Structures are given as structure tokens and as C-alpha cells.
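K.L.:
Mind looking over this structure? Questions follow.
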Ligand SMILES: [Cu+2]
């Protein structure tokens, strides 16, 4: 869901860039009011699309599943910043054949040796718990 949102924002941005500017746009004044950034080019229609700031850039993290469980443990993420978490299961000897991050609605199977990427956005500072499919093996992401 998060991914499709990001995708549609990107698509929107791409469309806007190629679209002809509205003929009646009051250019010089509007330019001054828009902070510099990728969205400045679409000033005419950008009102409904939040300008991507540093906080909106997805945080890329990766974990592996080994005999010890999910590694590394204790990864830190940021409140309101999307996370792209790629998990690769490298062993058959634990029960962590899926990852569940209940509080953000993530559940994904983890096929052996195949990287699986899940995306989510932590909405609360504190701890975000992730577990295997049965809620046994797991760990905690620190949300700052
Ligand atoms: Cu389990």
C-alpha cells in the first residue's frame, strides 16, 4: 500500500513534468513562493501533492534470517519516514519463514535465498516489533 502510494506520487510527478504548463500561470510570483526542490517544476498543480522532503526519502534497510534469527537486531528507523526493508532468509533451520510487523500491517512470506522487500511507514515513536509468522522469533525496530 505504501509502495503503491509512493509509486503513484512518482508517476504523478513524472506526468506533471511532461505536461504543458497551464497557460495562465502567474509565473514570477509563484516561483518565489515555492521552496526549491524537485516539486518546484510543477508549482502550478503541486498543491495536492506533498513536497518530498528529506523525511519522505525511503530508508533502505536489510536483514537476513540465519540460525540466530533475524539479523541484525536493533535496527533504527524514523517516525513518518517510509522504510524499505529487504529480508533474505538464508536458512531452513528456524521457523522464521515469514515476517510479520503487525503494527504497520506487514506480513510477507520469506522464500529461501530470495530477497523480499516490504515497505511501511512507522507512525509512532517507540518500538516496532517484528516476528516470524507465528509470533515467536523476532526483534524490535527502534522508532525515533
Ligand atoms: Cu515461528
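Numbering (the numbering used here), first residue to last: 1 to 144.
For glycine and all other residues, C-beta sits at the position ideal for the given N, C-alpha and C.
Since this is a predicted model, take the numbers as computed values, not measurements.
(1) Kindly examine ligand 1 and report whether one of its heavy atoms sits closer than 7 angstroms to the Cβ of residue 63.
(2) Would you kindly report the start and end of the unbroken beta strand (DSSP E) that includes residue 62?
(3) Using the beta-carbon count (16 or more within 10 Å), is residue 69 buried or exposed?
(4) In three-state terms, what does DSSP make of residue 113?
(5) What does the Cβ neighbour count give for residue 82, buried or exposed, with the cut at 16 atoms within 10 Å?
(6) Taking DSSP's pairing of strands, which residues face residue 140 in a bridge?
(7) Count the other CB atoms, across all protein chains shown, that sit within 10 Å of the CB of residue 112; report buried if there are 16 or more and exposed otherwise.
(8) For residue 131, count neighbouring C-beta atoms within 10 Å of its own C-beta (all shown protein chains included) and say buried if the count is 16 or more, exposed if not.
P.N.:
The structure says:
(1) no
(2) 59-66
(3) buried
(4) coil
(5) buried
(6) 129
(7) exposed
(8) buried
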